[in-house]
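Comments concern the structure below.
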Amino acid sequence: MLFLGIGCELFPFSLFLWERFRSHKKRRFFRRVCNGNLAAIVFVASLFFVEIKMGSIILLIIIISIIVYAVSKNYGEATVALMAGLLAAFTVEWTWNKYVVFMLALLGFLFFVLLIGSLRIFATNESLYREAALYVSVSRYKEIEKQLIKISKSIPDKLLGPVERADAIKIMAFRKIPIESMQYMLAIIQTFVGITRLNVKTITQFLVDLTRVLHLEIGPNLRTKIDNIFELYRDAPVSDEEFIAAFSNTKHFVVSRQIGPDEYLSLLISGLKGGLSPVEMDDSILDHIADKQPMQE
955 MLFLGIGCEL
965 FPFSLFLWER
975 FRSHKKRRFF
985 RRVCNGNLAA
995 IVFVASLFFV
1005 EIKMGSIILL
1015 IIIISIIVYA
1025 VSKNYGEATV
1035 ALMAGLLAAF
1045 TVEWTWNKYV
1055 VFMLALLGFL
1065 FFVLLIGSLR
1075 IFATNESLYR
1085 EAALYVSVSR
1095 YKEIEKQLIK
1105 ISKSIPDKLL
1115 GPVERADAIK
1125 IMAFRKIPIE
1135 SMQYMLAIIQ
1145 TFVGITRLNV
1155 KTITQFLVDL
1165 TRVLHLEIGP
1175 NLRTKIDNIF
1185 ELYRDAPVSD
1195 EEFIAAFSNT
1205 KHFVVSRQIG
1215 PDEYLSLLIS
1225 GLKGGLSPVE
1235 MDDSILDHIA
1245 DKQPMQE
């Protein structure tokens, strides 16, 4: 836009000079004026490119400061990075040589950082899938590893990153979840990670244990069944984390067959709604079982 404006301003004047040149009367005058205009154009263009250099450097500093804040969640570190970068940008007299060297060094560093990070994520994913496949079958681990990767890719990238999906699949493999059922479970894990904001390991272990303890079949209807369970305790004055903790503390009553799954779930929900803490739920269910035994005898 700057060059377009300069061109528009100089165009009528150039026509005037051309007419004077064609008259063969004042060529010396044309050369003087032309040299003056050329110097003005060079001067304005130099200022324009100086602004480009400074502007691009400041933009990079701002972007890097935002990335620092996004990664560290520390406003102080991001502010220090921004102030130090701006101070350096305004202190240095930027020539083209300095600008090119600076940009090459910075962009080269960022490229290698991203490359190393990508390779690290790839290596971590491969290790998790390999461990899961070896646990399922040592003789067929390559085939199983491909199946596990295919299951992971079948879930849209919304809330779980590649490493988190691989971690969830590894936990399911260790907990003996059938491969054909992992896709349904992984989709539910992603949903509940988004709802509860808990880490993927906690949610995966909880949902796997919940299906085992309550004898829930892992399939297309699993989401509806788990949604119904979570709707039961929504009225209780507990968080998702407290409900998971209460379940983890008391699931042994069902595993040891001291109480049935339906009765256990009813006692768990009613106890939490009654204001019992996750730790107190263990004593409450134990008292209930102790009260039932004389009646059974």
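Using our numbering, the letters of the sequence shown correspond one by one to residues 955 to 1251.
For glycine and all other residues, C-beta sits at the position ideal for the given N, C-alpha and C.
Bear in mind that the values here come from a model prediction, so they are computed numbers and not experimental data.
Nearest by alpha-carbon distance to residue i: which of the options is it?
i, options, result
"Asn1153", "Ser1210, Lys1052, Gly1115 and Ile1098", "Gly1115"
"Ile905", "Thr1049, Ser1202 and Leu1140", "Any answer about residue 905 is impossible in this case: the structure gives the chain only from 955 up to 1251."
"Lys1155", "Asp1121, Ser1081 and Ile1131", "Asp1121"
"Leu1082", "Ala1127, Ile1070, Thr1049 and Ala1038", "Ala1127"
"Asn1203", "Leu1088, Phe1160, Leu1186 and Phe1184", "Phe1160"
"Lys1052", "Tyr1023, Met1008, Ile1070 and Tyr1029", "Met1008"
"Thr1078", "Ala1059, Phe1063 and Ile1103", "Ile1103"
"Thr1145", "Ile1157, Met1136 and Gly1030", "Ile1157"
"Val1192", "His1206, Gly1228 and Lys1205", "Gly1228"
"Val1090", "Met1136, Thr1049, Lys1205 and Glu1047", "Met1136"
"Ile1198", "Gly1062, Lys1027, Ser1072 and Leu1164", "Leu1164"
Hey, would you say residue i sits closer than 8 Å to residue j, going by beta carbons?
i, j, result
"Ile1109", "Arg1094", "no"
"Ile1142", "Arg1177", "yes"
"Ile1011", "Ala1032", "no"
"Ser1238", "Leu1230", "yes"
"Ile1223", "Ala1190", "yes"
"Ile1018", "Ala1035", "yes"
"Ile1131", "Ile1105", "no"
"Ile1125", "Gln1101", "no"
"Val1117", "Ile1075", "yes"
"Ile1015", "Gly1039", "yes"
"Ile1098", "Ala1087", "yes"
State the CB to CB distance for the pair residue i and residue j, rounded to an integer number of angstroms; the pair is presumed to be in contact (CB under 8 Å).
i, j, result
"Leu1226", "Ala1200", "6 Å"
"Leu1113", "Val1167", "So it is not a contact: roughly 25 Å between Cβ atoms."
"Thr1150", "Asp1194", "4 Å"
"Pro1215", "Val1208", "6 Å"
"Val1162", "Arg1129", "5 Å"
"Pro1174", "Tyr1218", "With a Cβ gap of about 25 Å, Pro1174 and Tyr1218 do not count as contacting."
"Pro1232", "Glu1185", "Not quite, the Cβ-Cβ distance comes to about 19 Å (not below 8 Å), so this is no contact."
How is residue i classed by DSSP in three states: helix, strand or coil?
i, result
"Lys1227", "helix"
"Glu1171", "coil"
"Trp1048", "coil"
"Ile1213", "coil"
"Arg1188", "coil"
"Pro1116", "helix"
"Ile1198", "helix"
"Arg1074", "helix"
"Ser1108", "helix"
"Leu1221", "helix"
"Val996", "Residue placement at Val996 cannot be trusted, given a pLDDT of 41 that sits under 50; what the coordinates show is reported in the next sentence. It is helical."
"Arg1129", "coil"
"Asn1028", "coil"
"Arg1151", "coil"
"Lys1179", "helix"
"Val1092", "coil"
"Arg986", "Residue placement at Arg986 is poorly supported in this model, since its pLDDT is 49, which falls under 50; the coordinates still yield a value, given next. Looking at Arg986 - three-state DSSP - the assignment turns out to be helix."
"Ser1010", "helix"
"Lys1100", "helix"
"Ser1019", "helix"
"Pro1238", "According to the sequence shown, residue 1238 is Ser rather than Pro. DSSP places Ser1238 in helix when its eight states are reduced to three."
"Ser1081", "helix"
Relative to the ligand SAM, is the shortest distance from any of its heavy atoms to the C-beta of residue i smaller than 7 Å?
i, result
"Gly1148", "Looking at this structure, you won't find the ligand SAM or any other ligand, since it has none at all."
Of all Cβ atoms in chain B, is any one closer than 8 Å to the Cβ of residue i?
i, result
"Val1022", "As a matter of chain content, chain B is missing from the structure shown, which is built from one protein chain."
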